[in-house]
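Asks: First residue of the sequence shown: 1092, per the working numbering; consecutive thereafter.
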Amino acid sequence: MSFKIAFIGAGSLEFTRGLLKDLLSVEEFHNIQIAFTDINERNLDMVTQICQRDIDANGLDIKIQSTLDRREALKDAKYVFNVVRIGGLEAFKQDVEIPLRYGIDQCVGDTLCAGGIMYAQRGIAAVLEFCRDIREVAAPGCIMFNYSNPNAMITWACNKYGKVPTIGLCHGVQHGHQQIAEVFGLDVKDVDIVCAGINHQTWYIQIKHKGEDLTGKLLEALEKHPLYKETEKVRIDMLRRFGYYSTESNGHLSEYVPWYRKRADEIKDWVHVGGEWVHSWIHGETGGYLRYCMENRDWFETDFPRWMQEPPAKFDPTKRSEEHGSYIIEGLETGRTYRGHFNVVNNGAITNLPDDCIVEVPAYVDALGIHVPIVGDLPLGCAAVCNASISVQRLAVEAAVHGDDMLLRQAMLMDPLTGAVCNPPEIWQMVDDFLIEQEQWLPQYGKAIAEAKKRRATEKRIPTRDDYKGAARLSVRSVEELRKVRGTLHKANPNEI
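1) Note down, in chain order, each residue of its chain lying with its Cβ closer than 7 Å to the Cβ of D1524, except the 5 sequence neighbours on either side.
2) Among E1489, L1459, E1571, which one has its Cα closest to the Cα of G1422?
3) Based on the DSSP output, what are the partners of Y1429 in its beta bridges?
4) Which one of F1221, G1431, N1149 has the shortest CA to CA distance from A1168?
5) Within a Cβ cutoff of 6 Å, which residues of the same chain sit near L1191, ignoring the five residues on either side of it in sequence?
6) With a cut-off of 8 Å, do at least 3 Cβ pairs link the segment 1341-1357 to the segment 1524-1539?
7) What's the call for M1521, buried or exposed, on a 16-neighbour Cβ count within 10 Å?
8) Q1212 and A1491 - do their beta-carbons sit closer together than 8 Å?
9) Report, in whole angstroms, the separation of the C-beta atoms of V1435 and A1404, which I expect to be a contact under 8 Å.
10) Please give me, in chain order, every unbroken run of the beta strand (DSSP E) with length at least 3 that falls completely inside the segment 1205-1291.
11) Can you name the residues that DSSP bridges to K1095?
12) Hey, I1245 and I1215 are a contact pair by Cβ (cut 8 Å); roughly how many whole angstroms apart?
13) Measure the alpha-carbon distance for P1231 versus E1572 and round it to whole angstroms.
14) On the DSSP letters alone, give me the boundaries of the alpha helix (DSSP H) that Q1197 sits inside.
15) As a quick exercise: from G1342, E1376, M1399, pick the residue whose alpha carbon is nearest that of A1563.
16) I1153 to D1113, Cα distance in whole Å?
17) Assuming H1170 is part of the beta strand (DSSP E), what are its boundary residues?
18) Between which two residues does the alpha helix (DSSP H) holding S1482 run?
19) Are G1342 and V1362 closer than 8 Å when you measure CB to CB?
20) Indicate whether I1327 and Y1295 have their beta-carbon atoms separated by less than 8 Å.
21) Assign P1317 to one of two classes, buried (16 or more other C-beta atoms within 10 Å of its C-beta) or exposed (fewer than that).
22) Starting from S1157, trace the beta strand (DSSP E) both ways and give me its first and last residue.
23) Among all the DSSP beta bridges, which residues are the ones paired with H1462?
24) According to DSSP, is W1519 part of a helix, a strand, or is it coil?
25) What does the Cβ neighbour count give for M1092, buried or exposed, with the cut at 16 atoms within 10 Å?
26) Helix, strand or coil for G1561 per DSSP?
27) Label V1117 either buried or exposed according to how many other C-beta atoms from any shown protein chain fall within 10 Å of its C-beta, with 16 as the threshold for buried.
28) Given a threshold of 16 other Cβ atoms within 10 Å of its Cβ, counted over all protein chains shown, does M1209 qualify as buried or as exposed?
29) So, is K1410 buried or exposed, given that buried needs 16 or more other C-beta atoms within 10 angstroms?
30) With DSSP as the reference, label E1049 as helix, strand or coil.
31) How far does the alpha helix (DSSP H) with L1341 in it extend, from its first residue to its last?
32) For the alpha helix (DSSP H) that contains P1396, what are its first and last residues?
33) What are the start and end residues of the alpha helix (DSSP H) that includes K1359?
34) Can you give me the C-alpha to C-alpha distance between L1309 and F1275, rounded to a whole angstrom?
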């Protein structure tokens, strides 16, 4: 087989190298074309060197097309992977620290809450340009696989406004599946699950082992687990009160709802900070994922020569990761059936969520396409949690597409945690701060930014806590400190990627 796959944001090493390894472990894909593009020339060059070395070591005659010209990379592509982080770590730091001035304490800030909403404003402005290029230069019917967060909002914008068929992909369902099997003392392959909801708020609505329904037994199993009873307090509490386990990690989930992070003196009751480095940020640390990403950036940039001295990756079909991307393409191209949980336009799959939203549901792939069965109604409480987030997503998507700062402010007002912590005047000022400080990544907000600057110069500011670091913050470690505990980045926990 010969077709082209392009990676936008290929400088993201962990995703790019891992996905490429998965793809080239499929025997039929040993003659495909690969294109990498990124706006960071140095990162792109380093990732290309590592990946080309892997290809050469596995005896494949593939030469990566590596270019800063996005349209050149996308030309004639049949599939596109989007793995960008618009604004990089500079903007990500602002997504965490601007809300902290107002008392909004996030663990990640890339999916919902104030940080996730602003991440969407930057990301959607960029991905609609990607979609334009795909429509104009890619192969007819090109499919985009979106790994970028906020996954649901970006996937929503690409399908509705970008007019490019886009599937959102995530690994939260797989990781939760592993946890569930572990607490029951079972092999994951023997535990059948059905998950449904929205990305990062997907619910295990059915858990079975050899025909026995284990769904109602999960709470007791988790409460007895020596590690999870300490590190998954939010997820366990949600399970206790809503009846179903949520896919996302303790830290992620805690910032999507209004109850666990609204009072600084209570946050540590719900999160777990410290312990082994692979078990840190995902449990609720303030700005934890930002810390992790900053440490990885420093580690990669410093240790790149060592990476090049390590053995190349082996393209082994028995050792592919659980990322869905390669399996979907394999199903479409070879006809081998694959089942996974994907983010798609609802269109009635979950009958008590809006048809136009993006849902994460079971789906099947074969040579005839991607098939999404009807799940039916979510349990009423689970649907209510999802619908609260969907309302925020819809406002944020429309705000980003149209550059409408009133919709942006309304999205912030309606966000569960932001609204629990801040009053309307504080939210209005915080949005002004975001617009001004992220101006370079928000081309659609020119008029609103000018007005925000005028207000900042002429109106009295509401006092903010500019030195507040959060309730559970850890320091960014140096490369020397990391060497003492890590050994090598390849030992990273997949939950941390």
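The beta-carbon is built from N, C-alpha and C at its ideal position, and this holds for glycine as well.
Replies: Based on what the coordinates show:
1) The beta carbon of D1524 sits closer than 7 Å to those of I1189, all from its chain and outside the five residues before and after it, given in chain order.
2) For G1422, the nearest C-alpha among the options comes from L1459.
3) Beta-bridge analysis with DSSP links Y1429 to V1456.
4) For the options F1221, G1431, N1149, the alpha carbon positioned closest to that of A1168 is the one of F1221.
5) Excluding sequence positions up to five before and after L1191, its CB lies within less than 6 Å of the CB of Y1559, G1561, all in the same chain and listed in chain order.
6) Segments in contact, no.
7) M1521 should be labelled buried.
8) Yes, Cβ-Cβ distance for A1491 and Q1212 is below 8 Å.
9) V1435 to A1404, Cβ: 30 Å. No contact.
10) Counting whole runs of 3 or more residues, the segment 1205-1291 contains the beta strand (DSSP E) stretches 1234-1237, 1257-1259, 1282-1289.
11) For K1095, the beta-bridge partners assigned by DSSP are Q1124.
12) The C-beta distance from I1245 to I1215 rounds to 6 Å, short enough to fall under 8 Å.
13) Cα-Cα distance, rounded: 50 Å.
14) Counting along the chain, no alpha helix (DSSP H) covers Q1197, and no H or E run does either.
15) Selected option, being the one with the closest Cα: E1376.
16) One C-alpha to the other measures close to 15 Å.
17) Here residue 1170 turns out to be Tyr, not His, going by the sequence shown. Counting along the chain, the beta strand (DSSP E) containing Y1170 begins and ends at 1170-1173.
18) 1471-1493 is the span of the alpha helix (DSSP H), which, as asked, contains S1482.
19) A contact, by the Cβ cut-off of 8 Å.
20) Cβ atoms of I1327 and Y1295: not closer than 8 Å.
21) Flag for P1317 reads exposed.
22) Residues 1156-1158.
23) For H1462, which the question treats as bridged, DSSP gives the partners Y1455.
24) Three-state DSSP puts W1519 in a helix.
25) The residue is exposed, with fewer than 16 neighbouring Cβ atoms inside 10 Å.
26) Coil, per DSSP.
27) Classification for V1117: buried.
28) It counts as buried.
29) By the neighbour-count criterion, in which a residue is buried when 16 or more other Cβ atoms sit within 10 angstroms of its Cβ, K1410 is exposed.
30) In this structure the chain extends from 1092 to 1588, so residue 1049 is not present and cannot be described.
31) For the record, residue 1341 in the displayed sequence is Asn; it is not Leu. Start and end: 1341-1345.
32) Element bounds for P1396: 1379-1400.
33) First-last of the alpha helix (DSSP H) with K1359: 1358-1361.
34) Between the alpha carbons of L1309 and F1275 lies a gap of roughly 8 Å.
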